[in-house]
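Chains as they are written, first to last, in the numbering used here: chain A, 163 to 182; chain B, 1111 to 1340.
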C-alpha cells in the first residue's frame, strides 16, 4: 500500500472532489 | 451527453450522469520533435483521465462499500480497460479511422506509427470496429466501463464476496437496461467484448512501459504508480 500512496490518498479522500 | 439519464435502469442512468465531461488535450510545446510532442500530450491527457476515472469509480453504486484494499486492486487492474472503452466509444465513426483520444487529439495510423504506437493503433481500431458494428450507446459505454473495473480479475481480493456482489449488481443493471430496450441479447454481446478489451489494454500498458523505458518519455507519478502495480 505504501508503494501506491497516490491512489490510496485519492480513494480515501471521499468527501472532496478529486483535484486535478 | 445528449441522452442523459435515458435508461430505465437507475444504475445505468446514474453511471451516465456521473460520467466526467470529456477532457481536452493540452498540447505540449516543450520540444520540436513532433512525435515526442504527441506522446507527451497523450501521456498528460491519460494522467488527467485517470484522475477523473478514480473520482468516477467512487460514484459507481457499490464501489465505495468495498474495502479500500479491493477498491485499489480493482482500479490497479482495470483502469486501462475502463479508459480504453472511452477512447473506442469516441472513435466510433471517426473520419480516416482516427483514434479520438480527445476532440483536439485525434491520431490517424500514420501519426500513431510515427509516435511508435503502430501496435496500439491496430489493437484500438480493432476494438473500436467491434463497438462500431454494435453502435455502442453512451449508456452502454458507461456501463461497460464500470463492468470492466468490477471484472478486472484483481488477485488476491480482500473480500471476494463483496466484489462478486458488486459485479452482480452491475451485470443486472446492464441486463435490465438492455431488456427495457427489448435488446435482451446485447448484454451478452457486450460482455463477450471483454476479452478483446483486456487484450487491448494489455497492449496499451506495454506500449506505455516501452515508451517510458526506451524513449525515456516522462510519465506522471500516478501513471507510474498504476503501471508499477501491473
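Yeah, the Cβ is synthetic: ideal placement off N, Cα and C, and Gly gets one too. Remember, predicted model here, so these are calculated numbers, not experimental data.
C-beta contact flag for residue 1179 of chain B and residue 1268 of chain B at 8 Å: Against the second chain, residue 1179 of chain B aligns to sequence position 69. Against the second chain, residue 1268 of chain B aligns to sequence position 158. Yes, they are a contact pair.
Residue of B:1157, B:1284, B:1162, B:1216 minimising C-alpha distance to residue 1206 of chain B: In the second chain, residue 1206 of chain B corresponds to position 96, counting from 1. Selected option, being the one with the closest Cα: B:1216.
Residue 1210 of chain B in three-state terms, based on DSSP: Translated into the one-based positions of the second chain, residue 1210 of chain B becomes position 100. Strand, per DSSP.
Where residue 1246 of chain B falls: helix, strand or coil (DSSP): The residue given as residue 1246 of chain B occupies position 136 in the second chain. Of the three classes helix, strand and coil, the one that applies to residue 1246 of chain B here is coil, per DSSP.
From B:1323, B:1124, B:1120, B:1314, residue whose alpha carbon lies closest to that of residue 1222 of chain B: Looking up residue 1222 of chain B in the second chain gives position 112. Ranking the options by Cα distance to residue 1222 of chain B, first place goes to B:1314.
Meets three-Cβ-pair contact criterion under 8 Å: the region 1271 to 1285 of chain B and the region 1191 to 1211 of chain B: no
Beta strand (DSSP E) segments (min. 3 residues) lying fully within the region 1169 to 1211 of chain B: none
C-beta neighbour in chain A for residue 1338 of chain B, strict 8 Å: Locating residue 1338 of chain B in the second chain gives position 228, where the first residue counts as 1. Judged by the 8 Å Cβ criterion, residue 1338 of chain B is in contact with chain A.
For residue 1217 of chain B: DSSP bridge partner residues: Taking the second chain and counting its residues from 1, the one referred to as residue 1217 of chain B is at position 107. Paired residue(s): B:1209.
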